[in-house]
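Novice: Chains as they are written, first to last, in the working numbering: chain D, 3 to 116; chain E, 1361 to 1468. Glycine residues also receive a C-beta, built at the ideal position from the N, C-alpha and C atoms. Bear in mind that the values here come from a model prediction, so they are computed numbers and not experimental data. Starting off with a structure, shown below.
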Amino acid sequence: DAGVIQSPRHEVTEMGQEVTLRCKPISGHNSLFWYRQTMMRGLELLIYFNNNVPIDDSGMPEDRFSAKMPNASFSTLKIQPSEPRDSAVYFCASSFTGRGTEAFFGQGTRLTVV
Amino acid sequence: SQQGEEDPQALSIQEGENATMNCSYKTSINNLQWYRQNSGRGLVHLILIRSNEREKHSGRLRVTLDTSKKSSSLLITASRAADTASYFCEGGNNRLAFGKGNQVVVIP
Chain D
3 DAGVIQSPRH EVTEMGQEVT LRCKPISGHN SLFWYRQTMM RGLELLIYFN
53 NNVPIDDSGM PEDRFSAKMP NASFSTLKIQ PSEPRDSAVY FCASSFTGRG
103 TEAFFGQGTR LTVV
Chain E
1361 SQQGEEDPQA LSIQEGENAT MNCSYKTSIN NLQWYRQNSG RGLVHLILIR
1411 SNEREKHSGR LRVTLDTSKK SSSLLITASR AADTASYFCE GGNNRLAFGK
1461 GNQVVVIP
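Right under this line is the structure:
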């Protein structure tokens, strides 16, 4: 398996534009997590899915953020409209939920909103 | 609430020295995991300790867990420049939320 795959790796967009980040989890994993990382706020859990169902979205900062997982092999994180303060590195991770299972992280998407 | 909250140290040590960092958590856990993040990359799993274990070793890593104090420590022995990274802990309750991390710099 190629691991967790995120795309794009880098995204530069203008304020007000819609941004869609994509994630392909490891095959067979049933949990998927989205994070945002900045120097100021550290690594924040935005939302996590279990068996394609959102379990906890309390970390989603605003209504401008939305996440979907239409099937077990794909998830998106959308920001609409984007703002400069959304600039961050966004990570996706997947795991097989169970006692003592490690999570695997993607390489991240570096988002810059100008 | 976050399941892992590292003692937010920025540790700078010489190569060959040991590095110790701490983590606390707030609720009951089934296990606790430590992860490493090299600059600009995703987190990588290092070691897991179960709630009924007190100490665990993996190579140059030693993890302790004190469930009465809701705390854990990670010791890296004989540090190397490649150990320069941020280290995060996570109390395993499936939510996978992390604290702010400990930044470790190993000077060659």
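Taking Cys121/D as the reference, give the member of Ser75/D, Glu16/D and Gln82/D with the closest Cα.
Specialist: Any property of residue 121/D remains undetermined from this structure, which presents chain D solely from 3 to 116.
Novice: I need the straight-line Cα distance from Met1381/E to Gly1461/E, nearest angstrom please.
Specialist: Going from the Cα of Met1381/E to the Cα of Gly1461/E covers about 10 Å.
Novice: I'd like to know if Gly1376/E contacts chain D, where contact means its C-beta is closer than 7 Å to some C-beta of that chain.
Specialist: no
Novice: By alpha-carbon positions, which one of Glu1413/E, Gly1419/E, Lys1429/E and Leu1406/E ends up nearest to Asn1390/E?
Specialist: Comparing alpha carbon positions, the residue from Glu1413/E, Gly1419/E, Lys1429/E and Leu1406/E closest to Asn1390/E is Glu1413/E.
Novice: Buried or exposed for Glu1450/E, please, with buried defined as at least 16 other CB atoms from any protein chain shown within 10 angstroms of its CB.
Specialist: Buried, because 16 or more other Cβ atoms sit within 10 Å of the Cβ of Glu1450/E.
Novice: Residues in its own chain within less than 7 Å of Leu113/D by CB, not counting five upstream and five downstream?
Specialist: Glu13, Val21, Asp88, Ser89, Ala90 and Tyr92
Novice: What is the C-beta distance between Ile7/D and Ser96/D, in whole angstroms, given that I count them as a contact (C-beta under 8 Å)?
Specialist: The C-beta distance from Ile7/D to Ser96/D rounds to 10 Å, too long to fall under 8 Å, and the pair is not in contact.
Novice: So Phe98/D and Met71/D are in contact, right, with Cβ under 8 Å, and what is the actual spacing, rounded?
Specialist: With a Cβ gap of about 15 Å, Phe98/D and Met71/D do not count as contacting.
Novice: Determine, using beta carbons only, whether Gly30/D and Leu47/D come nearer to each other than 7 Å.
Specialist: At least 7 Å separates the beta-carbon of Gly30/D from that of Leu47/D.
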